[in-house]
Every structure is written in structure tokens, then in C-alpha cells.
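Mapping to our numbering: the sequence shown position 25 is 1298, numbers consecutive. All C-beta atoms in this analysis are idealised placements derived from N, C-alpha and C, irrespective of residue type, glycine included.
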Amino acid sequence: AVPAWSHHSHGNYEDTFMDLEGVVKEVHLLVPHSWVYLEVKDAKGEPQMWALEATGRTGLQRIGVSVDYVKVGDTVRARCHHLRDGSNGCLLGFLKAPDGSVKDWDGNNAPPPPDF
């Protein structure tokens, strides 16, 4: 017998990117997916919690993301694919850390976009 691998679709996320900036409230570097929770101010200045889904811990470690890369209380910028249902969640692409470095959290290790 040969093992079979499968993975769910990301069809629940928009195809286009959006940018968020907020304060890190939680970071979970896990397998199969990691999560970053950001508190982002809405148009009225009210705090909203956003859940950002990323690739797993192993993939993040390969590109230099460790438990110390971003910490609770850090202000970060994220470029991600918003959930199609409009709720406060997205598939994380790029994250800019407080030190100014940008990493591709979706596992592709792509270079950061010039406008980010």
C-alpha cells in the first residue's frame, strides 16, 4: 500500500490580497497550520480580533520563523487573503515583523512584494 496525502482547499479565501496592521495577541506555531491573532482597529477605532492562518511550524522554521520572531504585544503588518464570508480571518501571505523583515508565511518562501 502507498500512503495518500490530501489537503483541503483554500477556496474559502478571496483571491486578492488585503493589508492589515495590528497588535499581536496570540501566536501558535503548530502543525499542520500556524495561527497569528491580531487586534486591528476598525474604521471607528474599535478593536477587532483577526485570525490569520499560516503554514505549519516546520515550513516556518525553514524560513527563519521561530517562537521569538513575533511576540505578543508586537505591532506587525500582514498581507493576506480575506475570508470570502467577510468575517475577521484571512490566509496569511506576508508578515512584516517589528525589525522590518518580511517573511512569506504561506510556505512558498516568495520574495516580499515591493509595495509591502
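Look at Arg1357 here: in three-state DSSP terms it is coil, with no helix or strand label.
The shortest CA-to-CA distance from Cys1363 to any of Arg1350, Ala1327, Asp1315 and Val1304 is the one to Ala1327. The region 1314-1326 and the region 1340-1350 do not touch, with fewer than 3 CB-CB distances between them shorter than 8 Å.
Listed as beta-bridge partners of Gly1295 by DSSP are Val1349. Lys1314 and Gly1295 have their C-alpha atoms spaced approximately 7 Å apart.
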